[in-house]
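Participant: Which chain is which? The protein sequence lines are E and Y, in order.
110 is the number of the first residue of the first sequence in the numbering used here; add one for each residue after it.
80 is the number of the first residue of the second sequence in the numbering used here; add one for each residue after it.
Using N, Cα and C, we set each Cβ at its ideal position, and we do this for glycine too.
All values derive from a computational prediction rather than experimental measurement.
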Amino acid sequence: MRKWLNRNAPGYVFLMPWLLGFFLLALGPILTSLYMSFTRYDMVSSPRWVGLANYDYMFTRDRRFWKALDVTMWYVVLSVPTRLIMALGVAMLLDKGLRTISIYRAIFYLPSLLGSSIAIAILWRQLFEGDGVINALLARIGIEGPNWIANPDTSLYTLVVLAMWQFGSPMLIFLAGLRSIPRDLYEAAEIDGASRYRQFFRITLPLLAPVIFFNLVLQTIEAFKTFSSAFIISNGTGAPADSLLFFTVYLFNEAFKFFRMGYASALAWVLLLIIAFFTAITFFTSKYWVHYENERD
Amino acid sequence: MSGLSLKGIGKTYGAVNIIKDLNLEVIDGEFLVLVGPSGCGKSTLLRMIAGLEEITEGTLSIGDRVVNELPASQRKLSMVFQSYALYPHMNVRKNLAFGLGNQKMSRAEINERVADAARILQIEPLLDRKPRQLSGGQKQRVAIGRAIVREPELFLFDEPLSNLDAELRVQMRVELAGLYNRLGTTMIYVTHDQVEAMTMASRIVVLRAGKIEQVGTPHELYTKPKNLFVAGFIGSPKINLFEATAQVADGQASVHMTDFGDIPLTHPVRSGALTVGVRPEALKLSDNHPMRTTGTIQLVEYLGSEIFVHVKLPSGNVILVHASGKELHKAGETIPVSFEPQEAHVFDAEGVLIENTVKDPAS
């Protein structure tokens, strides 16, 4: 026991802020929401136990639930790869060309700092509206653009573009990953006659796999949880035609607009399980494509 | 390939001049070692030959072809890096095959070449391992294997043994020499270790601050160092250096050494300060040779077959004498020290060798 304590105590001390926060602040609400997902609760009268009724309704009769899932899945599938490709591309440019100029790193990170803010979501609306900036620019070259946001066929893509633009944090992680690949591997490859293309696919990508994996997991979770941009741009409704009805927007409306707290809790737990499922799949497949330098055999 | 020619080679990084107007001919099939203290530009020079570093000025030719602008992959050379630079995510087989795959070689030929290299370097049982599962010596072998599968016309080695422990280094030195004898391909080898240079080289290039100090066979460098720097750098233990003065009396020039007396010279020299170097094994613990004095033993380092004796001379200079392990001496002993005048290397005030100056006492 004493030996165990000596070895592990520092770790637990460092974990303490998180542990305290989790047990004192987070665990209670988490368990409460699990309980509430089995109740009907309108925040006025007290919760009433309904068993699996919320889940039953969700999966068998609630068409908006399936719509929200559909929108969110499309968003995840489109936005995560584009953001990661953008992030990797910019990281490679910074790594190669502008190695010494750290100011560029800050500038490139700026959209990500601003991106999750309400202000940018509002700005985004003004860019992509029918009489917005994008269409004004298109008009100059003679193209009459649609109202990107009001059109259900294009509205989701404006959010994918917004997500792509917020590449800062995965970009920094990619940059750190790129920097940790030894230069002489590229030099050896150059002497070995490997083209830039082959160097990228045979050296950079495999050696970056742990970082790609980390970013993929993080960004997937992040994308499933996207809320504020969709909320602002759809005026809090998921409009037009529920094309921006993100899971979280639907959940928020159920909870705070219609005061169906029990049902909203059930939605939250389903979202958690969905995220857990996809994260687990990513982890499971990682052993086939992620190479770790210090892996034990 | 027909040798390598470097003419007026220079390298600058911004305002810093690393290598200045360097001229060197590498003979086809030789084992050339670039040696010098760290920061002398030897690795930069090697990387310029490899094509990894741009050449700021001068021309580099392989055969009669100027290759300054030729990319590394087309210079028909292989390089072994100090860090080995093995691709960590590929097993040994794939590491060896990588360069061949780039050349769009057939599967069958790749397999054959990999098998050959693995046999030569005795790494056949390791072919399916990843680099992290290999010891330092095994990694080194794989790195060399990766170089030989491509059957290059020129091998470049950048301090390949510095990450190995002492015992393994000696073993790999022997293996590298064996590989050179077997392949007969031109090799250029960079090291800061003069023992590696002496034991493996056909010729050695001693570099200091981006300039060549001397080029020659190990024997030439050891027996006829052109200047004080080379004399001090080549040879282990180091050469003993004595401050001395040039003097002329009755038309006879000589070098006056405080402890050992005068060495007669054949040619007149300008009087003034000089430095005399005498190798530790040229000094004898007896009074049988013309240049002699008596000193006190401070320390005896016993190595079995040989001993290193630190002797304090009357002037206060402490010198190192290399003697046979059969001689028994102990600290505190008073002992004669002597040497033949031909064994003295005399350097002028600028540190340049004064050639053919020592008079043979028999004449």
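1. Taking the alpha-carbon positions, what's the residue 114 (chain Y) to residue 331 (chain E) distance?
2. Sorted by chain position, which residues of the same chain lie with C-beta nearer than 8 Å to residue 243 (chain E)'s C-beta, five sequence neighbours on each side aside?
3. When DSSP builds the beta bridges, which residues end up paired with residue 85 (chain Y)?
4. Could you give the DSSP three-state label for residue 267 (chain E): helix, strand or coil?
5. Excluding five sequence neighbours on each side, which residues of the same chain lie with their C-beta closer than 6 Å to the C-beta of residue 347 (chain Y)?
6. Hey, would you say residue 303 (chain E) sits closer than 9 Å to residue 177 (chain Y), going by beta carbons?
7. Using a beta-carbon distance below 9 Å, is residue 131 (chain Y) in contact with chain E?
8. In whole angstroms, give me the CA-to-CA distance for residue 419 (chain Y) and residue 368 (chain Y).
9. Whose Cβ in chain E lies nearer than 7 Å to the Cβ of residue 181 (chain Y)?
10. According to the neighbour-count rule (16 or more other Cβ atoms, all chains shown, within 10 Å of its Cβ), is residue 442 (chain Y) buried or exposed?
11. I need the DSSP call for residue 204 (chain E), collapsed to helix, strand or coil.
12. Do you know offhand how far residue 391 (chain Y)'s Cα is from residue 414 (chain Y)'s?
13. Which word fits residue 245 (chain E), buried or exposed, when buried means at least 16 other C-beta atoms lie within 10 angstroms of its C-beta?
14. Does the count of Cβ pairs from the region 357–364 of chain E and the region 372–384 of chain E closer than 8 Å reach three?
15. What separation, rounded to the nearest whole angstrom, lies between the Cα atoms of residue 126 (chain E) and residue 136 (chain E)?
16. Look up residue 195 (chain Y) in the DSSP assignment and say whether it is helix, strand or coil.
17. Whether or not the region 329–343 of chain E and the region 179–192 of chain Y are in contact is what I'm after, with contact meaning three or more pairs of Cβ atoms, one per stretch, closer than 8 Å; do they touch?
18. With a floor of 4 residues, list each alpha helix (DSSP H) that falls wholly inside the region 265–325 of chain E, ordered by position along the chain.
19. So is residue 172 (chain Y) buried or exposed if we call it buried at 16+ other beta carbons inside 10 Å?
20. Would you say residue 297 (chain E) faces chain Y, with C-beta separation under 9 Å as the test?
21. With 9 Å set as the bound, which would you pick, yes or no: does the beta-carbon of residue 158 (chain Y) sit closer than that to a beta-carbon of chain E?
22. Restricting to runs no shorter than 3 residues, where is the beta strand (DSSP E) found entirely within the region 302–348 of chain Y?
23. For residue 281 (chain Y), which of Y:379, Y:112, Y:317, Y:403 has the nearest alpha-carbon?
24. Starting from the Cα of residue 315 (chain E), find the closest Cα among E:134, E:398, E:158 and give me that residue.
25. Going residue by residue through the region 238–293 of chain Y, where are the continuous alpha helix (DSSP H) segments of at least 4 residues, counting only ones entirely within it?
26. Within this structure, are the beta carbons of residue 216 (chain Y) and residue 243 (chain Y) separated by less than 9 Å?
27. What do you get for residue 406 (chain E), buried or exposed, if any count of 16 or more other CB atoms within 10 angstroms of its CB means buried?
Facilitator: Considering the structure as presented:
1. 55 Å
2. 236, 237, 254, 257
3. Y:103, Y:139
4. helix
5. 332
6. yes
7. yes
8. 6 Å
9. 301, 302, 303, 307
10. Reliability of the predicted coordinates at residue 442 (chain Y) is poor, the pLDDT of 47 falling under 50, and the value obtained from them is presented with this limitation in mind. Classification of residue 442 (chain Y): exposed, given that the 10 Å Cβ count is below 16.
11. helix
12. 10 Å
13. exposed
14. yes
15. 14 Å
16. helix
17. no
18. 277–288, 292–300, 305–308
19. buried
20. yes
21. yes
22. 319–328, 331–336, 340–343
23. Y:112
24. E:398
25. 245–262, 273–279
26. yes
27. Only weak support exists for where residue 406 (chain E) lies, its pLDDT of 43 falling under 50; the value from the coordinates is given anyway. So residue 406 (chain E) ends up on the exposed side.
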